[in-house]
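For the record, in the sequence shown the residue sitting at position 59 is 112 according to the numbering used here, with numbers rising by one throughout.
Yeah, the Cβ is synthetic: ideal placement off N, Cα and C, and Gly gets one too.
Quick caveat: nothing in here was measured; it's all calculated off a predicted structure.
Shown next, in structure tokens, is the structure this report addresses.
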Amino acid sequence: MNKDIFLIIISFLFTMSCSVETKKGEEKQDINEEIEVYVIEPFLKNTIYIYNDNVSKASLTDYNYTPPQKCWLREITIQIKNNIAIVGTDCKIRHKILSAEYYKVDGIKLAILQTDKGEIRIAEVNTTLGIKYYFDIKYENFRASTGIGAIYCELPKKKHTPIKNNMKNDTLVSANILWFNDSVYYNFDTQQYDTIR
């Protein structure tokens with residue numbers, strides 16, 4: 054009886070150790086997935102974009118303090134009027150839009166607006182419940198974001214990500230960098246890609 058219990062325990066421990074090694078092996082595998090980024094025509098309209106989600110709440114982070122102070126918001130609104138964006142978090146802040154870039158990454162439309170106060174990113178995502186908008190807004194020492202949905206507001210963080218110009222016959226153009234903090238934009242006058250730093 055004791056011998057049987059001992060063999061059962063040993064076989065159980067052996068099985069567990071084998072499964073842990075298998076999981077470690079799976080984690081070490083490199084995932085090389087090519088992500089295509091398209092430059093698209095502007096999709097933002099002169100309207101009000103609202104994020105209001107009680108599950109994944111929006112946050113406002115103040116980097117004037119150490120550690121940064123974070124508060125939760127009921128909603129974030131962005132009102133676009135020609136070249137003005139009015140951002141409503143805990144108060145309304147008027148941004149003058151200096152430049153705008155529009156991308157499409159895996160079916161998600163992304164607008165990156167450079168303003169006189171910082172940067173506004175708006176992602177349009179088609180979900181099963183309809184179209185949802187997610188925001189990531191950086192101005193002065195503040196950052197307002199729409200919870201976990203702000204992940205849609207990022208471009209791929211890989212060097213030499215190919216960008217396809219969706220405006221003319223999908224010609225493939227290679228961008229040198231597409232980092233989160235840099236802003237790669239397409240100049241329609243010169244028909245070239247440039248980087249704002």
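Check: Other residues of its chain near Ile190: CB distance less than 8 Å, five sequence neighbours each side excluded; Outcome: Ile129, Ile131, Val140, Thr142, Gly171, Glu172, Ile173, Arg174, Arg196, Ala197, Ser198
Check: Ile61 burial status per 10 Å Cβ neighbour count (16 or more: buried); Outcome: exposed
Check: Best match in Ala111, Ile133, Lys134 for proximity to Lys123 [C-alpha to C-alpha]; Outcome: Ala111
Check: Neighbour-count burial assignment, Lys162, 16 or more Cβ in a 10 Å radius; Outcome: buried
Check: Proximity to Ile150 [Cα-Cα], best of Val92, Leu166, Glu94; Outcome: Leu166
Check: Same chain, Cβ closer than 6 Å to Tyr192, five either side skipped, listed in chain order; Outcome: Lys170, Gly171
Check: Start-to-end residues for the beta strand (DSSP E) that takes in Phe96; Outcome: Note, Phe96: premise wrong, no beta strand (DSSP E); not H, not E.
Check: 8 Å CB neighbourhood of Asn117 in its chain, flanking five on each side removed; Outcome: Asn194
Check: Contact under 8 Å by Cβ, Tyr205 with Tyr102; Outcome: no
Check: Alpha-carbon to alpha-carbon, Asn135 and Ala203; Outcome: 24 Å
Check: Close Cβ partners of Lys145 (< 6 Å) along its chain, the five nearest in sequence each way excluded; Outcome: Ile139
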